Amino acid sequence: MGEFTFELNEDQKQVRDWLHGFAADVMRPAAAEWDEREETPWPIIQEAAKLGIYSLDFYAQQFFDPTGLGIPMTMEELFWGDAGIALSIVGTGLAAVGVLANGTEEQIGTWVPQMYGDANDVKVAAFCSSEPDAGSDVASMRTRAVYDEAKDEWVLNGTKTWATNGGIANVHVVVAVVDPELGSKGHASFIVPPNTPGLSQGQKFQKHGIRASHTAEVVLEDVRIPGHCLLGGKDKLDERLARAREKAKAGGERVKNAAMATFEASRPAVGAMAVGTARAAYEVALDYAKTRVQFGRPIIENQGVAFQLADMATWIDAARLLVWRASWMATAGKPFTSAEGSMSKLYASEVAKDVTARAVQILGGNGYTREYPVERMHRDAAIYTIFEGTSEIQRLVISRTIAK
Numbered sequence: 144m145g146e147f148t149f150e151l152n153e154d155q156k157q158v159r160d161w162l163h164g165f166a167a168d169v170m171r172p173a174a175a176e177w178d179e180r181e182e183t184p185w186p187i188i189q190e191a192a193k194l195g196i197y198s199l200d201f202y203a204q205q206f207f208d209p210t211g212l213g214i215p216m217t218m219e220e221l222f223w224g225d226a227g228i229a230l231s232i233v234g235t236g237l238a239a240v241g242v243l244a245n246g247t248e249e250q251i252g253t254w255v256p257q258m259y260g261d262a263n264d265v266k267v268a269a270f271c272s273s274e275p276d277a278g279s280d281v282a283s284m285r286t287r288a289v290y291d292e293a294k295d296e297w298v299l300n301g302t303k304t305w306a307t308n309g310g311i312a313n314v315h316v317v318v319a320v321v322d323p324e325l326g327s328k329g330h331a332s333f334i335v336p337p338n339t340p341g342l343s344q345g346q347k348f349q350k351h352g353i354r355a356s357h358t359a360e361v362v363l364e365d366v367r368i369p370g371h372c373l374l375g376g377k378d379k380l381d382e383r384l385a386r387a388r389e390k391a392k393a394g395g396e397r398v399k400n401a402a403m404a405t406f407e408a409s410r411p412a413v414g415a416m417a418v419g420t421a422r423a424a425y426e427v428a429l430d431y432a433k434t435r436v437q438f439g440r441p442i443i444e445n446q447g448v449a450f451q452l453a454d455m456a457t458w459i460d461a462a463r464l465l466v467w468r469a470s471w472m473a474t475a476g477k478p479f480t481s482a483e484g485s486m487s488k489l490y491a492s493e494v495a496k497d498v499t500a501r502a503v504q505i506l507g508g509n510g511y512t513r514e515y516p517v518e519r520m521h522r523d524a525a526i527y528t529i530f531e532g533t534s535e536i537q538r539l540v541i542s543r544t545i546a547k
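For the sequence shown, my numbering gives the first residue as 144, with consecutive numbering after it.
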């Protein structure tokens, strides 16, 4: 296990600079166009695949970085480029994490490569958890998975919403209820293979921000999948459900469900995304403040502007450090005894929202126009306090942890 350090090693610096070049040269020039089009930027995903950025091998290398900093470093640089395009590039990762967190070695080896495809035929994947009536309230999930023992098949019915890549994905990972009496403990995750009958795309959402990322409903109507598509296998599920029933009878401790295991693993990565967007907006505002002259001097010489930029720089560094700590702890196998993962996601997402708002203010009327990127960054930043657990849910997790 690598020692925790604030200094990236030479290999990490090379990867960071490589990603930064892609973000600056490929993503940023295309950001406004794909934001306006509100479509998945397939040509840019394919370019990322050709360079090796959109690939299982690259993300595996970053995921297994012994310092824990590979993934947050990657997310920060790509989201510095553009949040919408970046989410189209990394959105598959949430589904991959769902398989890594809950699947067997055979399932990981079978399905994760199919989520990415290859440089000549890129694919994407979708993680489907939220529902129209069950977003943060996972215990109210209604999508059902019923086991057909005679055919060794699971039958899925329900509607998922807010699914990144939903409906256009090659592989969908779906969280469903297998035992309604156990509430959130009675959930399991399933692989829906490509071209499975009964799965269709519902409404595609027109969003406030991250508009280059496809978000849609996923409708499941008598979707039949082989028994081996249950992540972790049926024996493991039966054991987990039996333990949950015993604990429920005894009033015992809570058991984590499949969706929560995925979100817990990905929260620091979302924090890193927020840091990237915040840093991008801060840099635009800083450059503007140095060159914008009012009343005979650059506006950065005005204390009101300079102090705002000082706060922005401090918040961004603090957010990054929380993200790095949580990422290192996860890699080192250290439990989040004080909800450090939620802390990192909460703080970084709120920083992104506040920093981008201040960037718009510093640019004044220019910041409110689409001629300058901070307008788009401010719209994009709003999502970080909402998806993969709202800020309110993060505060709930943190407060329950520290109250024990």
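In this text, a Cβ means the ideal position worked out from N, Cα and C, and glycines have one as well. Quick caveat: nothing in here was measured; it's all calculated off a predicted structure.
Going by alpha carbons, who is nearest to residue i out of the options?
i      : options                        : result
Arg354 : Met216, Glu153, Ala175         : Ala175
Ala502 : Ala421, Leu489, Glu531         : Ala421
Glu150 : Ile196, Phe165, Met216         : Met216
Met520 : Met416, Ile442, Thr286         : Met416
Glu324 : Arg388, Trp458, Gly164, Asp178 : Arg388
Thr302 : Ala359, Ala293, Val255         : Ala359
Phe222 : Val436, Gly414, Lys547, Ala546 : Gly414
Lys347 : Val436, Asp322, Thr304, Glu382 : Thr304
Gly532 : Val498, Tyr490, Ile443         : Tyr490
Val169 : Leu363, Gly213, Ile228, Ser272 : Ile228
Glu274 : Ile214, Gly329, Leu363, Phe207 : Leu363
Ala331 : Ser272, Ala432, Ala293         : Ser272
Pro209 : Asp295, Lys379, Gln155         : Gln155
Arg513 : Asp200, Lys350, Asp178         : Asp178
Gln349 : Val540, Ala167, Gln537, Arg180 : Arg180
Glu518 : Gly352, Ile214, Ile232         : Gly352
Arg287 : Asp295, Lys294, Asp322, Ala312 : Asp322
Quick one: what's residue i bridged to in DSSP?
i      : result
Ile228 : DSSP lists no partner for Ile228.
Phe333 : Val317, Leu373
Thr358 : Thr307
Gly260 : Val265
Gln344 : Val361
Arg440 : Gln437
Val366 : Leu299
In terms of residue numbering, what span does the alpha helix (DSSP H) encompassing residue i cover?
i      : result
Glu382 : 377–393
Lys496 : 483–506
Gly310 : Here Gly310 belongs to no alpha helix (DSSP H), and DSSP marks it neither H nor E.
Ser542 : 534–545
Ala453 : 446–475
Arg180 : 171–180
Tyr187 : In the sequence as presented, Tyr is not what sits at residue 187; that position holds Ile. Looking at the DSSP string, the run of the alpha helix (DSSP H) that includes Ile187 is 185–194.
Give me the Cα-Cα distance between residue i and residue j, rounded to the nearest whole angstrom.
i      : j      : result
Gly326 : Thr544 : 21 Å
Gly246 : His357 : 26 Å
Pro478 : Met472 : 7 Å
Ser542 : Glu483 : 12 Å
Glu554 : Gly224 : Since the displayed the chain opens at 144 and closes at 547, residue 554 lies outside it and no answer follows.
Glu396 : Phe530 : For Glu396, the predicted model reports a pLDDT of 48, less than 50, meaning its position is unreliable and no value from the coordinates is stated.
Ile505 : Gly260 : 43 Å
Asp160 : Asn263 : 25 Å
Ala423 : Asp454 : 15 Å
Leu384 : Ala525 : 37 Å
Gly376 : Ile334 : 11 Å
Thr148 : Gly195 : 27 Å
Ala191 : Ala391 : 48 Å
Glu535 : Ile188 : 33 Å
Gly211 : Ala412 : 11 Å
Ala239 : Met486 : 23 Å
Val466 : Arg410 : 9 Å
Ser283 : Gln205 : 35 Å
Ala494 : Ala432 : Residue 494 is actually Val in this sequence, not Ala. Roughly 20 Å separates the two Cα atoms.
Glu292 : Arg386 : 22 Å
Gly164 : Thr235 : 22 Å
Leu464 : Leu539 : 22 Å
Ile459 : Ala428 : 14 Å
Ala546 : Lys488 : 19 Å
Tell me which residue opens and which closes the beta strand (DSSP E) that residue i is part of.
i      : result
Asn300 : 296–307
Arg285 : Per DSSP, Arg285 belongs to no beta strand (DSSP E) and is neither H nor E.
Subject >> contact_flag[the region 442–449, the region 251–265] where n(CB pairs < 8 Å) is 3 or more >> reply: no
Original post:
Does the region 264–278 come close enough to the region 307–314 to have 3 or more Cβ pairs within less than 8 Å?
Top reply: yes
**OP:** Specify whether the region 338–349 and the region 506–517 touch according to this definition: at least 3 beta carbon pairs, one from each stretch, less than 8 Å apart.
**Re:** no
Original post:
Given 8 Å as the limit, is there contact between the region 316–323 and the region 290–304, that is, 3 or more CB pairs closer than that?
Top reply: yes
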